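In what follows, a single structure is set out as structure tokens and then discussed.
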Amino acid sequence: MPEYIAKKSALTDFFKALSAGRRLLTPQGAGDQCRLAETAPDQVKLDYVNTHMSPKTLFFPQTEKLMAFHKDASKPDANIYSCAGDKAVPTVVFGLRPCDARGLSVANKVFQNDRFTDPYWKGKFDQTVSVGLACAAPAPQCFCAAMGGSPYGLTGLDILAFRLEGGDLGLKAGSEAGEALLKDLKLESADLAAVFNSQQAAAIQAQGVAPDYRPIDEANLMALFQDPHWLSTAENCLNCGVCTFFCPTCHCFDIQDEQDEKGGVRMRNWDTCMSWLFTVHGTGHNPRPSKTERVRQRFMHKLKYIPLKQDGVRGCTGCGRCVAMCPVNIDIRAVALKMCQSSAPSQA
Amino acid sequence: MPALEDVAKKIRESAKRLLAEGRAEVVVGYRRGTIPLTTAPFFARTAEECDQLVWSNFARINLANYLPGRKKVALVAKGCDARSAVGQVVENQIPRDELYVIGVPCTGMVDNALVAAKEPRPIREVVETTDDSFTLKGEGYSVEVRKEEVLRRNCRTCAHRTPKLADELAAPEVPGATPDDFADIKALASKTPAERLAHFKDLIKDCLRCYACRNACPLCYCPICFVDETRPQWLGKSNDPMDTLTFHLLRGLHCSGRCTSCGACETVCPVNIKVREFNRILELTVQKEWQYEPGLSWDQKPPLTMFQTDDAAEFIK
Ligand code: SF4
Ligand code: SF4
Ligand code: SF4
Chain A
14 MPEYIAKKSA LTDFFKALSA GRRLLTPQGA GDQCRLAETA PDQVKLDYVN THMSPKTLFF
74 PQTEKLMAFH KDASKPDANI YSCAGDKAVP TVVFGLRPCD ARGLSVANKV FQNDRFTDPY
134 WKGKFDQTVS VGLACAAPAP QCFCAAMGGS PYGLTGLDIL AFRLEGGDLG LKAGSEAGEA
194 LLKDLKLESA DLAAVFNSQQ AAAIQAQGVA PDYRPIDEAN LMALFQDPHW LSTAENCLNC
254 GVCTFFCPTC HCFDIQDEQD EKGGVRMRNW DTCMSWLFTV HGTGHNPRPS KTERVRQRFM
314 HKLKYIPLKQ DGVRGCTGCG RCVAMCPVNI DIRAVALKMC QSSAPSQA
Chain B
42 MPALEDVAKK IRESAKRLLA EGRAEVVVGY RRGTIPLTTA PFFARTAEEC DQLVWSNFAR
102 INLANYLPGR KKVALVAKGC DARSAVGQVV ENQIPRDELY VIGVPCTGMV DNALVAAKEP
162 RPIREVVETT DDSFTLKGEG YSVEVRKEEV LRRNCRTCAH RTPKLADELA APEVPGATPD
222 DFADIKALAS KTPAERLAHF KDLIKDCLRC YACRNACPLC YCPICFVDET RPQWLGKSND
282 PMDTLTFHLL RGLHCSGRCT SCGACETVCP VNIKVREFNR ILELTVQKEW QYEPGLSWDQ
342 KPPLTMFQTD DAAEFIK
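Chains as they are written, first to last, in the numbering used here: chain A, 14 to 361; chain B, 42 to 358.
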């Protein structure tokens, strides 16, 4: 597949064409105000680090109504639930970072697979064209390469954009739909493989020497689970759940019903395995009674259970949000190294 | 200007001594963080582990939060944190003789959001040697920042920087800052109820209900917080503004007359909510009604935890 070029002088036209018939969302605002927002084609920015929250909020918001009913007895459907999910609108997101696109593809396999389809996620996800922007200069907290990704990775993206010298954008298709769209846009095509590869190599190098986390993949699950390090690893954890709320792959939710005199809703809200309430049973018994079990769950899920279920793909994509946001500096890279040690053959 | 390393040395020496003497089984302090602008709470149980203890301009978390239920514990504490620890003793969360306070007279801790506003470029390294400035380093730059310019707002108005009730001090005493004048809070009080509601709704509009503020707070030691109760469930769980506001208002009320303005709630909030606004209103009220400041005495109970038959109770009328 060849690559394409969107000329610097025609970037507004490119974004106009890309978003024809769709709303255009791009990262707007700096630092912790950076979020995906509806953008006019001439207002797209290329100089952000990453959005503060992960883009999962697009398909899986903090609170989402699933069903609703009213209590107006004069109508035949009184007190009967009907679907009330957010309306999906055709969307193109420009500027996803490759770690987040990969993260969304991990979450997508949870919400859409051969066993279930979540209509609320699917409706929005399937109507979204995902265009990434490669990270030529990864931020200090980034470690996507160590987690098996790349700052120029295409997983989960229809198209990946990368910046060329002089301000043009190189474009590479990541899916058939992306390829078809690029063809439609009637852009100049070019062979940019050499530029792409050298930019990618430099960006990976900028992340420093990647630790080798493969011992976790090879380790015995129970050996990892029973290792005594969890006690000290978890000791300073606040169990706040910030790590899970910010993570692009964390997807757990809690279903709640609420009603007033006029009607009621069934909704789902983000939940977090860091809360004791997440696992407490109706009997009062809690299989994860202390923060040690809860912290272990989070890291085992990211680094062992998800890879077991998703053909080796890790549940952490190295976006660095939890590392930057954890109030007490529980760093998944340090935890992963402990897990590597605990899986040494002598203990396996 | 004490060098941070000198303070750290003092902390390590004391920590080792307390462990060796059996006075403490664990020393709760700070270790260096894995990323710039952070430290991490650290639990030292051996002399070797004590060598990881540091002192820093980024020692923001209030370690008294880790005290309830512990035995034989030594705590590294700034002025505000030591007051929280005293409060926990007063509130029977830890017996006085199980606790040893290594106090660190403090010149304030850094607000990372202010640092980011000053230096938007990615920061790869922070070099700090004294407690009045530090150097930020990134791709092709190195800038010095004076701490005074990036202090957390609670630190800017902290009148009790020296932990006077500590069992020992790891650095020379420092003078307190000019106390909070509560000017904004007094101005708010003159607004209409509708304006005040709008103010509070705006304050919490980005809240994620992650409860990091509560979990980092040394006052929030309830085994089950009212927001987590399920039988009955007192509060909705969505991002509905009234439910979110109810959480903040009730938490504020529960902390009234107990909050030492350590700022842990604001430090940990991932979306920079000024959580302390709620506490400050009540801090002002308690100061006015009872001339009480928490954490300055080992035996004086917070006014709202007591009942006195001769209470004038003017404020209720
Ligand atoms: S690891 Fe950090 S962010 Fe996650 S629950 Fe624990 S304290 Fe909160
Ligand atoms: S675990 Fe942390 S670094 Fe990994 S994807 Fe989630 S938020 Fe990002
Ligand atoms: S830490 Fe911030 S976001 Fe989390 S519950 Fe408290 S105010 Fe809300």
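Beta carbons are placed, not taken as given, at the ideal position from N, Cα and C, and that holds for glycine.
Just so you know, these numbers come straight off a predicted model, no measurement behind them.
Exercise. CB of V336/A to nearest heavy atom of ligand 2: below 7 Å?
Worked result: Yes, since a heavy atom of ligand 2 falls inside the 7 Å radius drawn around the Cβ of V336/A.
Exercise. Which class does R64/B belong to by DSSP, given the choice of helix, strand or coil?
Worked result: Residue state, collapsed to three classes: coil.
Problem set entry | Proximity test, T330/A beta-carbon vs ligand 2 heavy atom, cut-off 7 Å | Yes - ligand 2 has a heavy atom lying nearer than 7 Å to the Cβ of T330/A.
Exercise. How is A361/A classed by DSSP in three states: helix, strand or coil?
Worked result: Low per-residue confidence applies at A361/A: pLDDT is 40, beneath 50, and the placement is therefore not dependable, though the value from the model is reported in the following sentence. Looking at A361/A - three-state DSSP - the assignment turns out to be coil, as it is neither helix nor strand.
Exercise. Nearest to T262/A by CA position, among P241/A, D284/A, T246/A and Q272/A, is which residue?
Worked result: D284/A
Exercise. When you compare only the Cα positions, how much space is there between A186/A and Y165/A?
Worked result: 12 Å
Exercise. What's the gap between the Cα of G183/A and the Cα of L195/A?
Worked result: 11 Å
For this session: With 8 Å as the limit, tell me which residues of the stretch 69-81 of chain A have their beta carbon closer than that to any beta carbon of chain D; keep them in chain order.
Result: Judged by its chain identifiers, the structure shown contains no chain D, and its protein chains are A and B.
Exercise. Got a sec, what are the start and stop residues for the alpha helix (DSSP H) M283/B sits in?
Worked result: P282 to H295
Problem set entry | Which residues DSSP lists as bridging A44/B, in chain order | T171/B
Problem set entry | Same chain, Cβ closer than 8 Å to M287/A, five either side skipped, listed in chain order | C250, N252, C253, G254, C256, T257, K304, R307, V308 and R311
Exercise. Quick one: is D45/A near chain B, going by C-beta distance under 8 Å?
Worked result: yes
Problem set entry | Contact residues within the stretch 330-346 of chain B, judged by C-beta distance below 8 Å to chain A | none
Exercise. Closer than 8 Å, CB to CB, is S279/B near chain A or not?
Worked result: Interface residue, yes.
Exercise. Are the Cβ atoms of P311/B and W331/B separated by less than 8 Å?
Worked result: no
For this session: Compute every distance between the C-beta of I314/B and the non-hydrogen atoms of ligand 3, then say whether any falls below 7 Å.
Result: yes
Problem set entry | Any C-beta of chain A under 8 Å from that of T75/B | yes
Problem set entry | Neighbour-count burial assignment, G295/A, 16 or more Cβ in a 10 Å radius | By the neighbour-count criterion, in which 16 or more other beta carbons inside 10 Å mark a residue as buried, G295/A falls on the exposed side.
For this session: State yes or no: is the C-beta of Y133/A nearer than 7 Å to some heavy atom of ligand 3?
Result: no
Problem set entry | D171/A, buried or exposed, once every other Cβ within 10 Å from all chains shown has been counted against 16 | D171/A should be labelled buried.
Problem set entry | Straight-line gap, V278/A to G98/A (C-alpha atoms, nearest Å) | Cα to Cα, the separation comes out at about 11 Å.
For this session: Taking only the alpha-carbon atoms, compute the straight-line gap between F73/A and C248/B and give it to the nearest angstrom.
Result: 17 Å
For this session: Could you work out which residue in T292/A, P68/A, V208/A and I345/A is closest to D267/A when comparing CA atoms only?
Result: T292/A
Problem set entry | Check whether V131/B and D340/B have beta carbons under 8 Å apart | yes
Exercise. Between the stretch 239-272 of chain A and chain B, which residues of the former have CB atoms less than 8 Å from a CB of the latter, in chain order?
Worked result: S245, E248, N249, L251, N252, C253, G254, V255, F258, F259, D267, Q269 and E271
Exercise. Is L244/A buried or exposed, if buried means 16 or more other CB atoms sit within 10 Å of its CB?
Worked result: With fewer than 16 other Cβ atoms within 10 Å, it is exposed.
Exercise. What in chain A is Cβ-close to N313/B, meaning under 8 Å?
Worked result: D45
Exercise. Does any C-beta atom of chain B lie closer than 8 Å to the C-beta of N342/A?
Worked result: yes
Exercise. Does any heavy atom of ligand 2 sit closer than 7 Å to the C-beta of G166/A?
Worked result: The beta carbon of G166/A sits no closer than 7 Å to any heavy atom of ligand 2.
For this session: Helix, strand or coil for N3/A, going by three-state DSSP, please let me know.
Result: Here chain A has residues from 14 to 361 only, and residue 3/A is not among them.
Exercise. Fully enclosed by the stretch 191-220 of chain A, which alpha helix (DSSP H) runs are 4 residues long or longer?
Worked result: 206-219
Exercise. For K21/A versus P40/A, is the C-beta distance shorter than 8 Å?
Worked result: no
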